[in-house]
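Quick notes on the structure that follows.
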Amino acid sequence: MHPTAKVHPSAIVEPGARIGEDVEVGPWTYIGSGVEVGMGSRIHSHVVIKGPTVIGKNNRIFQFSSVGEECQDKKYAGEPTRLVIGDNNIIREGCTIHRGTIQDQWLTAIGSNNLLMAYVHVAHDCVIGDNCIIANNVALAGHVMVGDCVILGGYTTVHQFCKIGAFSMSAAHTALFKDVPAFIMSSGNPAEAHGMNFEGMRRRGYTPELISKLRQCYKIIYRQGLRTAEAIDRLESMEPLPEIQLLIDSLKSSSRGITR
540 MHPTAKVHPS AIVEPGARIG EDVEVGPWTY IGSGVEVGMG SRIHSHVVIK GPTVIGKNNR
600 IFQFSSVGEE CQDKKYAGEP TRLVIGDNNI IREGCTIHRG TIQDQWLTAI GSNNLLMAYV
660 HVAHDCVIGD NCIIANNVAL AGHVMVGDCV ILGGYTTVHQ FCKIGAFSMS AAHTALFKDV
720 PAFIMSSGNP AEAHGMNFEG MRRRGYTPEL ISKLRQCYKI IYRQGLRTAE AIDRLESMEP
780 LPEIQLLIDS LKSSSRGITR
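Just so we're on the same page, this note's numbering is the position in the sequence shown counted from 1, plus 539.
Here it is as structure tokens:
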């Protein structure tokens, strides 16, 4: 326990937990053995954190969240799998984040600068990148991979093993059963592709020329009747740009087929 940490008298911090500099722990919170909480993080009241879990710097975890609990996989047999959370995340009320399984990488991982709104569920072995916004009541099944700067609308559900490409976006109540390429907007149940996140591109300072090239990429993938492998060949013949390569890589990494 760092001497600058402020832990409410009603909170329980088990021996073996490590509480960093300037951490605040609210009333009626439980922090188990094997948990590390990084400098400047604020754990609100009525939070349960179990280990092995590592939480980085300047995170905020709100009331009634359950972080680092055993996963809901019937194969799980009490192994010391882990949860690792980066820096500057906001985890709102009632979120549930489970540790990994030995059938994958023993790890559930969340990057930095993410917002998980109320009642988000992150299942075992999920990997979430940086700068994502995951809205209320989103549910990620096991082994889901979410790229950087993804926005998932409220009540989106994601099937196990799906990959959600960077800078993509889903509408509210979307049900994703296949992989989503980078930049793609999706909606519906089952989900369908509905253009690219062009407004997000503009907000990030993408030039009109770059947006035009990405629009051309979308037409190659979705408007010319090509198989995914054929579309990749066409994309690889275009001007080599990092954003186009990101899109190509997301197509190549798909194992479940892409949302169309």
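Glycine is no exception: its CB is placed at the ideal position from the N, C-alpha and C atoms. Note that the coordinates shown come from a computational prediction; the quantities given were computed from them, not determined experimentally.
DSSP state of residue i mapped onto helix, strand, coil
{"i": "I629", "result": "strand"}
{"i": "R754", "result": "helix"}
{"i": "I787", "result": "helix"}
{"i": "T647", "result": "strand"}
{"i": "M724", "result": "strand"}
{"i": "L774", "result": "helix"}
{"i": "M708", "result": "strand"}
Residue j beta carbon less than 8 Å from that of residue i
{"i": "V683", "j": "T695", "result": "no"}
{"i": "R599", "j": "L622", "result": "no"}
{"i": "S580", "j": "I570", "result": "no"}
Option in the options with minimal Cα separation from residue i
{"i": "M735", "options": "S605, S725, R742 and N652", "result": "S725"}
{"i": "G668", "options": "G693, T640 and S707", "result": "S707"}
{"i": "L679", "options": "Q611, I783 and G617", "result": "Q611"}
{"i": "H660", "options": "I588, V606, H541 and M578", "result": "V606"}
{"i": "T568", "options": "R741, V562 and V587", "result": "V587"}
{"i": "F716", "options": "G577, M578, R795 and E782", "result": "R795"}
{"i": "E769", "options": "C665, I759 and P554", "result": "I759"}
{"i": "R741", "options": "F722, Q755 and N728", "result": "F722"}
{"i": "G704", "options": "T640, P554, V685 and N628", "result": "V685"}
{"i": "L780", "options": "T635, G577, H712 and I750", "result": "I750"}
{"i": "H733", "options": "D788, Q784 and I797", "result": "I797"}
Residue i - partner residues in DSSP beta bridges
{"i": "R581", "result": "E563 and R599"}
{"i": "R557", "result": "E575"}
{"i": "S605", "result": "V587 and T635"}
{"i": "T592", "result": "V574 and L622"}
{"i": "E731", "result": "S726"}
{"i": "A678", "result": "H660 and T696"}
Whole-Å CB distance - residue i paired with residue j, under 8 Å assumed
{"i": "G559", "j": "G573", "result": "About 15 Å; that fails the 8 Å criterion."}
{"i": "R799", "j": "E738", "result": "With 8 Å as the limit, R799 and E738 do not qualify as a contact, their Cβ atoms being about 22 Å apart."}
{"i": "I672", "j": "L654", "result": "5 Å"}
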